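K.L.:
Those protein sequences? They're chains U and Z, same order as listed. Residue 226 in the working numbering sits at position 238 of the first sequence, and the numbers go up by one each step. Residue 1313 in the working numbering sits at position 243 of the second sequence, and the numbers go up by one each step. In this text, a Cβ means the ideal position worked out from N, Cα and C, and glycines have one as well. All values derive from a computational prediction rather than experimental measurement.
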Amino acid sequence: MGKPVAMTGNIAVANAMRQINPDVCAAYPITPSTEVMQQFASFVADGKVDTELVTAESEHSAMSACIGAAAAGGRVMTATSANGLALMWEMLYIASGNRLPIVMTVVNRALSAPINIHGDHSDGMGARDSGWIQIYSENAQEAYDNLIQAVVIGQHRDVRLPVMVGMDGFIISHSIENLELLSDQEVKDFIGEYLPLYPLLNIKQPVTYGPLDLQDYYSEHKRQQAEAMKLAKPVILKVAQDFAALSGRKYGFFETYRLDDAEMAILTLGSSAGTARFVIDRAREQGVKVGLIKLRVFRPFPMKELQAALGHLKALAVMDRCDSFGAAGGPVFSEVRSALYDLSPHPAVVNYIYGLGGRDLGIAHIEQVIRDLQEIRQTGCIRELLTYLTVRE
Amino acid sequence: MLSREEYHSGVKEAWCPGCGNFGILNAEKRALVELQLAPEKILIVSGIGQAGKFPHYLRCNFFNGLHGRALPVALAAKLANPELTVIVHNGDGDCYGEGGNHFIHTIRRNPDITCIVHNNKVYGLTKGQASPTSDKGFKTKVQPYGVIHEPLNPLALAISLDCSFVARGYVGDLQFLAELIKAGIQHKGFALIDILQPCPTFNRVNTFRWYEERVYHLEEDREFDPKNQLKAFHKALEWGERIPLGVFYLHPKPTMEEQIPALAAGPLYRQKIQPSKVLDIMEELSALS
Ligand SMILES: Cc1ncc(C[n+]2csc(CCOP(=O)(O)OP(=O)(O)O)c2C)c(N)n1
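Structure (structure tokens):
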């Protein structure tokens, strides 16, 4: 086991990248992820890695360069946030459609307008249909661990999909925490050598990426992508198992806390799980049977597993740090609620949209959520399906 | 009579001490006072960056949009209401990098807007990476061995596109800069004013002293004629020992607004809606089908 070090999320992630030693990184700076690439650039300059660093003139170009390098056969990584991810949007689909296992840190930040540099999930959630695997982290340790696992997941022959690893802007990216790093050798062995399947640079076997694909085959290719997402599920679990053997830290599609005997639960994604755990402990002392589920993998969405984990509940509050304007609720809510629809009886599910643009989620807010859940459990009826928390109305 | 105070927004500037942006703000206020342009007749459009904060500190209409995307918004606003004085403030990364394509194509369209670029030759807001105008060899945390790419020459690029007004100012020369901004606003057509601006925090090369030793006014060269595109282009290539300031190129020509028939009768908001005309068209169309 490694010895504890104190680092911000950004620096932890940059260190994971140093240990992964990708062939190519192309990036464009944007707050709050700038520091990841800045720190990594020092590793490149100091000869700590063999990476070709490409400083692009926009995120669209950065992702394009990543795609070119990945198609050529390289192990490729990058990092971005908010409008940077939004500007990559059309290229995200090129990466996934061409089955290029690029690994990207997304330091989650609110999208403009109005401009805001703080953490929420509107950037990542905007890319949820882009064919990338999505893993979210609660703290710097998880961001570090998830990034290393992401490399192994994405490059697996059954998967070959790009992966984005999210961490909340500022709350994780800029806060110093104690964490454990693996040794350089451990990471090297864990990720193994990268063997690209159809590298453009193999001149003995010329291949084509992204040619015209009309009514004849497009559907089949999209169906294959869907299949790859499905196949990613056992791979994610197997990689987590191997990682636990190496690090002692356990991961799955989600993590539960005091959930087994709970009648009510809160579902979170990202950094707010810490606050929720604290409040849940206090509620438990009062005899309130409430638990927590922290979703880690949003794509592929673990529908069956969530059914099994949540089926026994009477009431569930899904917390979304992002809105989906005009939809039934936030993106996590819509999918979790849909997953539970087949169960009978199924828990009453309510949605809270909170923390937009980095607004703090406090203890009192979670206490309010628990009070609402208790009322639903007692009365059996839902007063508000969707509540905007942490907002002045 | 409008005084300088009329343009104070009261918002405190979030720029480093010694930032060249203070000079640009100062010069622009001078120009606006001299032109007696009422705040409500002005629209400032900006992107994102230290330069992008500019309109917060000036009392007038403003639109603070996305990094690199100020020009399309400005162009659309000008078409919607050609009576507005539209001024764009962006950084060198903003205008020449992320928004490079907009820069090229807005020049081609020649709307009557003034495009002011705060050229500190570095990404200021994101803390000091090289920008498209950083000179070769410029060292940053991300480029510790120095930039290896050729810098983008905004003036030469604009002149090659036959941009109707191309100028360079310098924040160390305030009165001159105020005159350039005035001339740019008064010019009918797309006016580019690239402003050399030291960044005391992230650019330790192109400092005030560095510029003071090099800049000179184009007017000193009596032969120089800003109407000659080839000569202007040649001048735009001059960089290093001596750096020219002033109007490099002038080519008055019809603006985009002037070429759009619907705007001939004035801005759309002042034109009367004539339902009878719409009915005529609808009848014509239904006769066809
Ligand atoms: C799409 C997008 N990518 C990146 C950023 C981050 N960003 C903000 S300003 C900036 C560059 C700043 O440099 P410059 O445009 O030269 O202006 P300055 O701050 O030096 O005035 C960057 C990269 C952003 N806001 N949006």
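My parser needs the beta strand (DSSP E) runs of 3 or more residues fully inside the stretch 23 to 79 of chain U; what are they?
P.N.:
40 to 43 and 64 to 68, all fully within the stretch 23 to 79 of chain U.
K.L.:
Does the Cβ-Cβ distance between M155/U and S118/U come in under 9 Å?
P.N.:
Contact: no.
K.L.:
Measuring only the C-alpha atoms, how far is K1206/Z from G1336/Z?
P.N.:
Distance between the alpha carbons of K1206/Z and G1336/Z is about 48 Å.
K.L.:
Can you tell me where the beta strand (DSSP E) with I1313/Z in it begins and where it stops?
P.N.:
From DSSP, the beta strand (DSSP E) with I1313/Z extends over I1313 to L1320.
K.L.:
Per DSSP, which residues does P(-8)/U bridge with? Please list them.
P.N.:
In the DSSP output, where bridge partners are listed per residue, P(-8)/U has E168/U.
K.L.:
Kindly indicate the opening and closing residues of the alpha helix (DSSP H) around S312/U.
P.N.:
Counting along the chain, S312/U falls outside any alpha helix (DSSP H), and DSSP gives it neither H nor E.
K.L.:
Whole angstroms is fine: what's the gap from V324/U's alpha carbon to L280/U's?
P.N.:
One C-alpha to the other measures close to 14 Å.
K.L.:
Do A1101/Z and L1072/Z count as a contact pair if the criterion is CB distance below 9 Å?
P.N.:
No, Cβ-Cβ distance for L1072/Z and A1101/Z is not below 9 Å.
K.L.:
Need the endpoints of the beta strand (DSSP E) that S118/U sits in, please.
P.N.:
Taken as a continuous stretch (DSSP letters only), S118/U belongs to no beta strand (DSSP E), as it is neither H nor E.
K.L.:
Can you tell me where the beta strand (DSSP E) with D1264/Z in it begins and where it stops?
P.N.:
Run containing D1264/Z: A1261 to L1266, per the beta strand (DSSP E) assignment.
K.L.:
From H382/U to K(-9)/U, what does the alpha carbon distance come to, in whole angstroms?
P.N.:
Residue coverage of chain U in this structure runs from -11 to 381, which leaves residue 382/U outside it and unanswerable.
K.L.:
Which value, in whole angstroms, describes the spacing of the CA atoms of G1199/Z and V42/U?
P.N.:
It should be noted that the sequence gives Gln, not Gly, for residue 1199/Z. Going from the Cα of Q1199/Z to the Cα of V42/U covers about 13 Å.
K.L.:
If I measure Cβ to Cβ from V384/U and keep anything under 6 Å in the same chain, skipping five residues before and after, which residues do I get?
P.N.:
This structure cannot speak to residue 384/U, because chain U is shown only from -11 to 381.
K.L.:
State yes or no: is the C-beta of T19/U nearer than 8 Å to some heavy atom of ligand 1?
P.N.:
Result yes, Cβ under 8 Å from ligand 1.
K.L.:
Are the beta-carbon atoms belonging to Y1319/Z and P1224/Z less than 9 Å from one another?
P.N.:
No; because the gap between Cβ atoms is not below 9 Å, this pair is not in contact.
K.L.:
Of all Cβ atoms in chain Z, is any one closer than 9 Å to the Cβ of I141/U?
P.N.:
It does not: the Cβ of I141/U has no partner Cβ on chain Z nearer than 9 Å.
K.L.:
Kindly confirm or deny that the stretch 212 to 228 of chain U and the stretch 315 to 332 of chain U touch, where touching means at least three C-beta pairs closer than 8 Å.
P.N.:
Contact between the stretch 212 to 228 of chain U and the stretch 315 to 332 of chain U is absent, because fewer than three Cβ pairs lie under 8 Å.
K.L.:
Using a Cβ cut-off of 9 Å (strictly closer), state whether A33/U contacts chain Z.
P.N.:
Interface residue, yes.
K.L.:
Identify, in the order they occur along the chain, each residue of the same chain with its Cβ nearer than 7 Å to the Cβ of N9/U, setting aside the five sequence neighbours on each side.
P.N.:
Only V37, D38 and T39 meet the Cβ criterion.
K.L.:
Quick one: which chain U residues come within Cβ less than 9 Å of A1147/Z?
P.N.:
None at all; the shortest Cβ gap to chain U is about 15 Å.
K.L.:
Should the stretch 1287 to 1298 of chain Z be regarded as contacting the stretch 1115 to 1124 of chain Z, the criterion being three or more beta carbon pairs within less than 8 Å?
P.N.:
With a cut-off of 8 Å, the stretch 1115 to 1124 of chain Z and the stretch 1287 to 1298 of chain Z do not count as touching, because too few Cβ pairs lie within range.
K.L.:
Give me the Cα-Cα distance between N1189/Z and G1242/Z, rounded to the nearest whole angstrom.
P.N.:
Taking the straight line joining both Cα atoms gives about 13 Å.
K.L.:
For a contact defined as C-beta to C-beta under 8 Å, what are the partners of G1216/Z on chain U?
P.N.:
Those within 8 Å of G1216/Z in chain U number zero; the least Cβ separation is about 11 Å.
K.L.:
What are the boundary residues of the beta strand (DSSP E) that F1133/Z is part of?
P.N.:
Unbroken beta strand (DSSP E) run through F1133/Z: N1131 to N1134.
K.L.:
Would you be able to state if there are at least three C-beta pairs under 8 Å between the stretch 1145 to 1155 of chain Z and the stretch 1328 to 1347 of chain Z?
P.N.:
Verdict: yes, contact present.
K.L.:
Listing by chain order, which chain Z residues have their CB less than 7 Å from the CB of I(-1)/U?
P.N.:
Those do not exist, as I(-1)/U stays about 14 Å from chain Z at its closest Cβ, beyond 7 Å.
K.L.:
Answer yes or no: the CB of Q104/U versus the heavy atoms of ligand 1, is any distance below 8 Å?
P.N.:
The amino acid at residue 104/U is misidentified as Gln; the sequence shows Asn. N104/U Cβ: outside cutoff for every heavy atom of ligand 1.
K.L.:
Can you give me the Cβ contacts of C1086/Z inside the same chain, cut-off strictly under 7 Å, excluding the 5 residues immediately before and after it?
P.N.:
So the list reads P1270 and T1271, once near-sequence residues are dropped.
K.L.:
Report buried or exposed for L95/U, applying the criterion of at least 16 other Cβ atoms within 10 angstroms of its Cβ.
P.N.:
A small correction: the amino acid at residue 95/U is Val; Leu does not occupy that position in the sequence shown. Its Cβ being crowded by 16 or more others within 10 Å, V95/U is buried.
K.L.:
When the Cα of L189/U is compared with those of G62/U, D34/U and M5/U, which residue comes out closest?
P.N.:
Per the Cα distances, G62/U.
K.L.:
What separation, rounded to the nearest whole angstrom, lies between the Cα atoms of K218/U and F286/U?
P.N.:
So the alpha carbons of these two residues sit roughly 13 Å apart.
K.L.:
Which class does G420/U belong to by DSSP, given the choice of helix, strand or coil?
P.N.:
Residue 420/U cannot be examined here, being either before or after the span of chain U that is shown, -11 to 381.
K.L.:
If the criterion is Cβ atoms closer than 9 Å, does the pair A1097/Z and L1247/Z meet it?
P.N.:
Going by C-beta atoms, A1097/Z is nearer than 9 Å to L1247/Z.
K.L.:
Using a threshold of 8 Å, is the CB atom of I1263/Z nearer than that to any non-hydrogen atom of ligand 1?
P.N.:
No.
K.L.:
Buried or exposed: where does Y1127/Z fall if 16 or more other Cβ atoms within 10 Å of its Cβ makes it buried?
P.N.:
Y1127/Z comes out buried.
K.L.:
Beta carbon of H106/U, beta carbon of A115/U: below 9 Å?
P.N.:
No. Outside cutoff.
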